[in-house]
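Have a look at the structure below before the remarks.
Residue numbers (my numbering): 1017 to 1344.
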C-alpha cells in the first residue's frame, strides 16, 4: 500500500517536474521569439520600410518609362532595388545624426537608436553595407551616372538636409530634392540620359511633397519646437504659414502635373484624371488653410498619400503612354 502510494507520489512529482520544465522551456522560447521580433521591428523602423517601398515603386516607374516595354522588367526591378538600398542607408544615417533631437520629441522618442535597441555602431555598419551594395550594383549594372546621382541624393539628404533642420525652415525645399530623385535615377539607369518623362516625374514628386510636409509639420509643430528644429509653422509668428504654403504648392502642382499632357507625352485621359486628383489635393489644402486643426491636417496628409500612387498609376493607364512604350 505504502509502496503503491510512494510510486504514485513519485509519478506525480515526475509529471509535475516535466510539466514545469516544459513550461520554462516554452516561456524561454516565447521570450526568445519576442526578443527576435522586437529586434526585427527595430531594424524595420530604422529602414523606414514604408518610405523604402515608395522609393522602390517610383524608381520602378521611372525605369519602366525608359526601358523597352515588356522586356525591361528585370532591369527595372534591379535598379529599383539598388536605389532602395541606398535609401535605406540614408534613412539609418539620418537617424544616427538626429538621435539627440529624436529623444526630445514624443513622435520619435521610441526610435531604436534613442531607446538603445540598436547600437549606433551597428546602425552605421549596416548603413555602410547597404549604401555600398546599392552603389556597387548601380555602377556595375547601369554605369557611373545613375550611381553618381544616387550618391548625390544620399549626400544632400544626410549632409545638407539633416543638419539644415536645426538652422532653417528651407530644409523642406532642400529635402524635397533627394525625395524627388528616385524616378529620375530609375529612368537614367535604363535610358542612359534624363528624358522628358524623367523630368516630369521629378517635378511632380518635388512639388507634391510640400503640402504633404506642411500637414506633418503642423501636426507635430510642438515636437519640432521642443527639439529646436526649424520647420514651417513652429516659430512664434508662423500661425497660418503651413496652410498658406500647402495651398500655394497645391496650386503649383496642377500645371506641373499636367506637363505630360501639355507636351504631348500623355493624352486627355491622363489630363482628366490628373485634374481630378489635383483638385482634391488643392481642396484639402484650402480646407486646412482656413481652419488649421489636427483633423484637417490629417485629412490633407491622407489625401497626399492617396494622390501619389494614383498619379503614377494614371501614367501607365494612359493609352498614349502605353502605345509609346509598346512601340519602343
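Glycine included, C-beta positions come from ideal geometry on N, C-alpha and C.
Return the residue from the list 1219, 1186, 1160 and 1257 that minimises the CA-CA distance to residue 1234.
-> Considering only alpha carbons, the answer is 1257.
Rank 1062, 1174 and 1334 by C-alpha distance to the C-alpha of residue 1274 and give the top, closest one.
-> Here the closest residue by C-alpha is 1334.
Element boundaries [alpha helix (DSSP H), containing residue 1185] = For residue 1185, there is no enclosing alpha helix (DSSP H), as DSSP marks it with neither H nor E.
Under 8 Å between C-beta atoms of residue 1282 and residue 1336 = Taking 8 Å as the Cβ cut-off, residue 1282 and residue 1336 qualify as a contacting pair.
Give the straight-line distance between the Cα atoms of residue 963 and residue 1063, rounded to the nearest whole angstrom.
-> Residue 963 is absent from the structure shown; the chain starts at 1017 and stops at 1344.
In terms of residue numbering, what span does the alpha helix (DSSP H) encompassing residue 1311 cover?
-> From DSSP, the alpha helix (DSSP H) with residue 1311 extends over 1310 to 1333.
Give the C-beta separation of residue 1149 and residue 1101 to the nearest angstrom, bearing in mind that I take them to be a contact with Cβ-Cβ under 8 Å.
-> With a Cβ gap of about 5 Å, residue 1149 and residue 1101 count as contacting.
Roughly how many whole angstroms lie between the Cα atoms of residue 1141 and residue 1162?
-> In a straight line, the C-alpha of residue 1141 is about 24 Å away from that of residue 1162.
Closest by CA to residue 1324, which one among 1060, 1067 and 1061?
-> The residue with the shortest Cα to Cα distance from residue 1324 is 1067.
The stretch 1114 to 1129 / the stretch 1089 to 1096 touching (three or more Cβ pairs under 8 Å) | Touching, no, given that fewer than three Cβ pairs across the two stretches are closer than 8 Å.
Unbroken beta strand (DSSP E) runs of length 3 or more, entirely within the stretch 1088 to 1168: which are they?
-> None, since the stretch 1088 to 1168 contains no complete beta strand (DSSP E) of that length.
Taking C-alpha atoms, which residue in 1096, 1060 and 1061 lies nearest to residue 1077?
-> Answer by Cα proximity: 1096.
Three-state secondary structure assigned by DSSP to residue 1243 = Three-state result, residue 1243: coil.
With a cut-off of 8 Å on the beta carbons, I'd call residue 1202 and residue 1099 a contact; round off their distance for me.
-> The C-beta distance from residue 1202 to residue 1099 rounds to 7 Å, short enough to fall under 8 Å.
Would you say residue 1227 and residue 1291 are within 8 Å of each other, going by their C-beta atoms?
-> Cβ atoms of residue 1227 and residue 1291: not closer than 8 Å.
For residue 1058, which residues from the same chain have a beta carbon less than 7 Å from its beta carbon, with the 5 sequence-adjacent residues on both sides left out?
-> Excluding positions up to five away in sequence, the list reads 1128, 1133 and 1134.
In the DSSP assignment, find the unbroken alpha helix (DSSP H) run with residue 1078 in it and report its ends.
-> First-last of the alpha helix (DSSP H) with residue 1078: 1065 to 1082.
Rounded to a whole number of angstroms, what is the C-alpha to C-alpha distance between residue 1241 and residue 1081?
-> Each residue's alpha carbon lies about 42 Å from the other.
Taking residue 1168 as the reference, give the member of 1223, 1326 and 1194 with the closest Cα.
-> Among 1223, 1326 and 1194, the Cα nearest to that of residue 1168 belongs to 1194.
Do residue 1262 and residue 1316 have their CB atoms nearer than 8 Å?
-> Yes, they are a contact pair.
Nearest-angstrom Cα distance between residue 1118 and residue 1112?
-> Rounded to the nearest angstrom, the two C-alpha atoms are 10 Å apart.
With a cut-off of 8 Å on the beta carbons, I'd call residue 1196 and residue 1204 a contact; round off their distance for me.
-> Incorrect: roughly 13 Å between the Cβ atoms, too far for contact.
Put residue 1210 into one of helix, strand or coil per three-state DSSP.
-> In the structure shown, the three-state DSSP call for residue 1210 is coil.
Locate the alpha helix (DSSP H) running through residue 1290, then write down its first and last residues.
-> Start and end: 1284 to 1306.
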